[in-house]
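Participant: Residue numbers (the working numbering): 249 to 520.
(1) On the DSSP bridge assignment, give the partners of residue 460 in chain order.
(2) Could you check whether the region 346-359 touches the region 500-516, counting it as contact only if at least three pairs of C-beta atoms, one from each stretch, sit closer than 8 angstroms?
(3) Take the Cβ of residue 359 as the centre, count every other Cβ of all protein chains shown within 10 Å, and call the residue buried at 16 or more, exposed below.
(4) Go ahead and pull the three-state DSSP assignment for residue 411.
(5) Let me know the secondary structure DSSP gives residue 363 once reduced to three states.
(6) Which residues in the same chain have their Cβ closer than 7 angstroms to the Cβ of residue 432, if we skip the five residues on either side of it in sequence?
(7) Which word fits residue 297, buried or exposed, when buried means at least 16 other C-beta atoms lie within 10 angstroms of its C-beta?
(8) On the CB-based measure, 16 or more other CB atoms within 10 Å of its CB, does residue 419 come out buried or exposed?
(9) Relative to the C-alpha of residue 446, which candidate in 438, 456, 429 has its C-alpha closest?
(10) Could you check whether the region 392-400 touches the region 475-484, counting it as contact only if at least three pairs of C-beta atoms, one from each stretch, sit closer than 8 angstroms?
(11) DSSP beta-bridge partners for residue 505?
(12) For residue 513 versus residue 458, is the C-beta distance shorter than 8 angstroms?
(13) Can you tell which of 416, 465, 452 has the C-alpha that lies nearest to the C-alpha of residue 435?
(14) With a cut-off of 8 angstroms, do at least 3 Cβ pairs link the region 441-455 to the region 487-498?
(15) On a CA-only basis, which of 425, 348, 398 is nearest residue 412? Give me that one, please.
(16) Of the choices 486, 350, 347, 372, whose alpha-carbon is the least far from that of residue 469?
(17) Just to confirm the assignment, what range does the alpha helix (DSSP H) spanning residue 424 have?
(18) In the structure shown, what three-state DSSP assignment does residue 388 receive?
(19) Would residue 484 and residue 370 be called neighbours here (beta carbons separated by less than 8 angstroms)?
(20) Thinking C-beta only, is residue 366 closer than 8 angstroms to residue 400?
(21) Using the DSSP secondary-structure output, state which residues sit across from residue 405 in a beta bridge.
(22) When we look at the beta-carbon of residue 416 and count the other beta-carbons within 10 Å, is it buried (16 or more) or exposed?
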């Protein structure tokens, strides 16, 4: 059979013997391919080239029956569609994985910023022996730092506690309570709070959110404000009684889970 292309320089079917393979086609009489199956390399044909090729084949070879031409066009269309579907489907998991990794990396950086700045203020107050100033850091500067980061990034950045000192700011929601319980279970199995993180995308009535929780363990220096009654100095007890009459954030032991940094970020439709 002899099919000449419509334009010069474009390959046709001339010279393709029955059963032979060309770089683009399998001959329709190839016994190994069924009835005219396409060679996989046909997916490399530029989409802009195919219509002209098919049209040229139809005009230049009137002796080829219309059934074969329809089969050729059908296989061309199906091949293109299948190729596009496979390419798109193959790219989706990687893209979603990249987005998730970027979300977690951003949350990690924001939580580190909060903890490092807060820790710096606390160390400065404690180095001066001013325990009242240390309480003021947690009461005033910690919410201010979290609020600044929230406004800067457009997320909700806050600290929550397993036992709450300030119920207006530190009360965990159901998701945070559930994740902190998992942290405690992991710690009981021997894992360090320092190495723990948890993040996931959740569906809520008002939209989809990326949620992240980073645990805060009880360090020895925390016991002056969060330890047992015997560990808390009298001046600190007086300030706590005055500022937090319903305080429940005491009685912690070193290494115990005291709370977490919580980040909640609204997601656009394309984000995972």
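From the three backbone atoms N, C-alpha and C, an ideal C-beta is built for every residue, glycine too. None of these values were measured; they are calculated from a predicted model.
Facilitator: Short version:
(1) Within the chain shown, numbered from 1, the residue matching residue 460 stands at position 212. In DSSP, residue 460 forms a bridge with 447, 511.
(2) yes
(3) Position 111 of the chain shown holds residue 359. It counts as buried.
(4) The residue given as residue 411 occupies position 163 in the chain shown. Reduced to three states, the DSSP call for residue 411 is coil.
(5) Reading the chain shown from its first residue, position 115 is the one you call residue 363. If DSSP states are grouped into helix, strand and coil, residue 363 belongs with the helices.
(6) To locate residue 432, count along the chain shown from 1; it is residue 184. Contacts found: 505.
(7) The count along the chain shown starts at 1 and reaches residue 297 at position 49. Any reading at residue 297 must be qualified, since the residue scores a pLDDT of 41, below 50, and its modelled position is unreliable; the value itself is stated next. Exposed, because fewer than 16 other Cβ atoms sit within 10 Å of the Cβ of residue 297.
(8) Within the chain shown, residue 419 is the residue found at index 171, counting from 1. It counts as exposed.
(9) For the purposes of this step, residue 446 is taken as residue 198 along the chain shown, with counting starting at 1. Nearest of 438, 456, 429 to residue 446, Cα basis: 429.
(10) no
(11) Counted from its first residue, the chain shown places residue 505 at position 257. 465, per the DSSP bridge assignment.
(12) Counted from its first residue, the chain shown places residue 513 at position 265. Counted from its first residue, the chain shown places residue 458 at position 210. Yes, these two residues count as a Cβ contact at 8 angstroms.
(13) The residue labelled residue 435 in the question sits at position 187 within the chain shown. Checked all of 416, 465, 452; the closest Cα to residue 435 is 465.
(14) no
(15) Taking the chain shown and counting its residues from 1, one reaches residue 412 at position 164. Taking only the C-alpha atoms, the option nearest residue 412 is 425.
(16) Here the question's residue 469 lines up with position 221 in the chain shown. Out of 486, 350, 347, 372, 372 has the C-alpha closest to the C-alpha of residue 469.
(17) Here residue 424 corresponds to residue number 176 of the chain shown, with the count starting at 1. Taken as a continuous stretch (DSSP letters only), the alpha helix (DSSP H) holding residue 424 covers 422-436.
(18) On the chain shown, position 140 is the one that residue 388 refers to. If DSSP states are grouped into helix, strand and coil, residue 388 belongs with the helices.
(19) One-based indexing of the chain shown puts residue 484 at position 236. One-based indexing of the chain shown puts residue 370 at position 122. In this structure, residue 370 does not lie closer than 8 angstroms to residue 484 by Cβ.
(20) Within the chain shown, the letter at position 152 stands for residue 400. Within the chain shown, the letter at position 118 stands for residue 366. Against a cut-off of 8 angstroms, the Cβ pair of residue 366 and residue 400 comes out as no contact.
(21) Here the question's residue 405 lines up with position 157 in the chain shown. Paired residues: 511.
(22) Residue numbering aside, residue 416 sits at position 168 when the chain shown is read from its first letter. Flag for residue 416 reads exposed.
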